[in-house]
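J.:
Numbering (the working numbering), first residue to last: 293 to 339.
(1) With residue 336 and residue 318 assumed to form a contact (beta carbons below 8 Å), what rounded beta-carbon distance in angstroms separates them?
(2) Under DSSP, the beta strand (DSSP E) around residue 321 begins and ends at which residues?
(3) For residue 302 and residue 323, what's the separation of their Cα atoms in angstroms?
(4) Can you tell me where the beta strand (DSSP E) holding residue 335 begins and where it ends?
(5) Ignore the nearest five residues each way along the sequence and tell me which others in residue 310's own chain have a CB closer than 6 Å to its CB.
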């Protein structure tokens, strides 16, 4: 488990990624899918 605000690091080293905001999990998916086609607008806005 890695916790980081560095999106490049997360994309490089993980198979799965969770996006959390204010302690709530917004989205969890494969790293590739989350970064290229997020299903939540909040995730897309952050990326």
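Using N, Cα and C, we set each Cβ at its ideal position, and we do this for glycine too.
T.: Here's the rundown:
(1) The pair is not a contact, with the Cβ atoms about 10 Å apart (cut-off 8 Å).
(2) 316-322
(3) 8 Å
(4) From DSSP, residue 335 is part of no beta strand (DSSP E) but of the alpha helix (DSSP H) over 333-338.
(5) 317, 320
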